[in-house]
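Worksheet: the structure to be examined is printed underneath.
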Amino acid sequence: MARVGVVGGGIFGLFVARHLAREGTEVTVFEEGPAGAGSVHAAGIIEPTTAYRTNTFAFLRHVGRLWTHRTTTFRSVDPRWLVESARQMGRAAFPGSEEALHAIGVACLRQYRALADEADDFGFAARGLLERYDDPITFAEARRTAVERASRVPVELRDGEWGAGSLYFPEVAWVDTERTVDRLVRELPAGTLVRARVERVGADGSLWVGGSERRFDSVVLCAGVACRRAGVPLTGVRGYGWTVRSRTPVETATIYVDRGIAVVPLAGGLKTTGGWDFDLGTSPWHASSIEGAIRRVVAVDQIGPRQQGSRPCTPDGLPTVGRRDRLVAATGGFRLGWSFAPELGRLAARLAAGQGENDPFLSRFCGDLHGAVL
Ligand SMILES: Cc1cc2nc3c(=O)[nH]c(=O)nc-3n(C[C@H](O)[C@H](O)[C@H](O)COP(=O)(O)OP(=O)(O)OC[C@H]3O[C@@H](n4cnc5c(N)ncnc54)[C@H](O)[C@@H]3O)c2cc1C
33 MARVGVVGGG
43 IFGLFVARHL
53 AREGTEVTVF
63 EEGPAGAGSV
73 HAAGIIEPTT
83 AYRTNTFAFL
93 RHVGRLWTHR
103 TTTFRSVDPR
113 WLVESARQMG
123 RAAFPGSEEA
133 LHAIGVACLR
143 QYRALADEAD
153 DFGFAARGLL
163 ERYDDPITFA
173 EARRTAVERA
183 SRVPVELRDG
193 EWGAGSLYFP
203 EVAWVDTERT
213 VDRLVRELPA
223 GTLVRARVER
233 VGADGSLWVG
243 GSERRFDSVV
253 LCAGVACRRA
263 GVPLTGVRGY
273 GWTVRSRTPV
283 ETATIYVDRG
293 IAVVPLAGGL
303 KTTGGWDFDL
313 GTSPWHASSI
323 EGAIRRVVAV
333 DQIGPRQQGS
343 RPCTPDGLPT
353 VGRRDRLVAA
363 TGGFRLGWSF
373 APELGRLAAR
383 LAAGQGENDP
393 FLSRFCGDLH
403 GAVL
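All the letters of the sequence shown, read from the start, carry residue numbers 33 to 406 under the working numbering.
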């Protein structure tokens, strides 16, 4: 039986493990924190039809608007990512990438739906996404794009409902991130998840835990922003999540686009998230400012513990999955990691099992993948 080691039990690592286990591979996931550690802070909005490229001037303008709302900051970025991002700025999308991501997004939603059909114990709700805009120029741009792709991505225009206007995307869903992690872990074979920090990975299927070497047929690196140490040009864009009790009625997942805040109605309260900090550190120094921005959109009667994580961002903002020797990397989920993880996890599992070749688009940032100290 093939043996695969997975580094990182965030949402990418858990889906990779799920697919490998279902194919009969013996899989071990090494996660230094609790299961889902790097991913549970997220809002859990599953957007099957969207991709956010960061190498565009529209994205830079968006970051400028977040700056005026004090929900983005710049502290530290990966130098290789910065150089590659400058090179990629303004470039046309990789040929075929929009269609490929669309197909991946749709396949992901199908996987979440199939999980919910088996047992809906993770708060799956397919009730759409409302995007609210404060700024008339952003809204005009977003509305134009939405109208252009309306044949592929159904949308309703809701002028005048909030600030500059709103867009409603009926095909978007959401999940409760903590309950989804519980479900995925519960369905893995006993003993799959090992709470341990991986110190080093090799390109030859080796990894080191607690000073000892372990050997696998393949190793899948799903360590989030830490994948940058193994040659993937990535930086981290940090953010925070809180579950709050609120008297504000919220019917559907809502993103306050210009403020970088998301609000999702769950059985146990509202999941609220925000923060776009370009920061490779772990200090929650900006959390109180994000909490303030959340309190400006919903009434907070009671607030739960703060969760935090980082969006792994490639130089074009789109995900990357590729294999070199016996090492596979799956990362770059950026602001849509939950939306892409089920299908990218399946593709990474296939590469780890020696099935299929690197996809030219998906593997574009994995060419320099190498063994590394993590
Ligand atoms: C505020 C916010 C809201 C978001 N909302 C959404 C949303 O609504 N929808 C959506 O689709 N996406 C959302 N995202 C994006 C999504 O959360 C990320 O893209 C996703 O978490 C990335 O998953 P990952 O598994 O690649 O990395 P991570 O979540 O970072 O997981 C990596 C894991 O690897 C572990 N690890 C790292 N190094 C080691 C090591 N050496 N040994 C062992 N373990 C290690 C870490 O502890 C971590 O648990 C949001 C992000 C933020 C910041």
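Just so it is clear, CB atoms sit at the ideal spot from N, CA and C, and this is done for glycine as well.
Just so we're clear, the structure is a prediction, and the values are computed from it rather than from any experiment.
Gly-349 sits close to Thr-86, with the two beta carbons spaced by under 8 Å. One alpha carbon belongs to Val-61, the other to Arg-107, and they sit about 31 Å apart. Partner residues in a beta bridge of Pro-281, as assigned by DSSP, do not exist. By the 16-neighbour rule on beta-carbons within 10 angstroms, Gln-340 is buried. Secondary structure in the region 168-243: the alpha helix (DSSP H) runs of 4 residues or longer, each lying completely within the stretch, are 168-180 and 209-218 in chain order. In summary, Gly-403 is buried, with 16 or more beta-carbon neighbours lying within 10 Å of its beta-carbon over all protein chains present. Counted as a single uninterrupted DSSP element, the alpha helix (DSSP H) harbouring Cys-140 occupies residues 129-150.
Comparing alpha carbon positions, the residue from Thr-100, Arg-229 and Leu-225 closest to Val-405 is Arg-229. In the three-state reduction of the DSSP assignment, Leu-302 falls in the strand class. In the assembly as shown, Leu-92 is an exposed residue. Its beta-carbon has fewer than 16 other beta-carbons within 10 Å. 8 Å or more divides the Cβ of Gly-369 from the Cβ of Thr-275. The DSSP assignment places complete alpha helix (DSSP H) segments of no fewer than 4 residues inside the region 79-109 at 89-100, in order along the chain. With a cut-off of 8 Å on Cβ pairs, the region 379-395 is not in contact with the region 278-286, counting fewer than three such pairs.
Among the bridge pairs identified by DSSP, Val-289 is matched with none.
Assigned with DSSP and collapsed to three states, Val-115 falls in helix. Rounded to the nearest angstrom, the gap between the Cα atoms of Pro-297 and Gly-76 is 11 Å. Here the alpha carbons of Ala-135 and Arg-142 stand approximately 11 Å from one another. In this structure, the CA atom of His-101 is about 42 Å from the CA atom of Glu-150. Here Val-187 is not near Ala-362, since their CB atoms are 8 Å or more apart. For Ala-157, the CB contacts under 7 Å within the same chain, skipping 5 residues up- and downstream, are Ala-205 and Trp-206 in chain order.
A distance criterion of 7 Å places the beta-carbon of Pro-265 beyond contact range of ligand 1, judged by its closest non-hydrogen atom. Between Thr-346 and Phe-397, the gap from beta carbon to beta carbon is short of 8 Å. Counting C-beta atoms within 10 angstroms of its own C-beta, Phe-89 has fewer than 16 neighbours from the protein chains shown and is therefore classed as exposed. About 6 Å separates the beta carbons of Phe-201 and Gly-160, which is inside the 8 Å limit, making them a contact pair. Of the candidates Arg-50, Val-38, Arg-211 and Gly-37, Arg-50 places its Cα closest to the Cα of Glu-375. The Cβ atoms of Ala-67 and Val-257 lie no closer than 8 Å to each other. Within a 10 Å sphere around the beta-carbon of Ile-169 sit fewer than 16 other beta-carbons, which makes this residue exposed. One thing to note: Gly-223 has its Cβ no nearer than 8 Å to the Cβ of Ser-342. One alpha carbon belongs to Arg-211, the other to Asp-167, and they sit about 35 Å apart.
Two segments are said to touch when three or more pairs of C-beta atoms, one from each, lie closer than 8 Å; by this definition the region 323-335 touches the region 295-312. Taking 8 Å as the cut-off, the Cβ atoms of Val-353 and Ala-384 do not count as close. Within 7 Å of the C-beta of Phe-89 there is not a single heavy atom belonging to ligand 1. Asp-309 is bridged by DSSP to Thr-105 and Arg-270.
Taken from the Cβ of Cys-254, at least one heavy atom of ligand 1 lies inside 7 Å. The three-state reading of DSSP puts Arg-164 in strand, counting E and B together.
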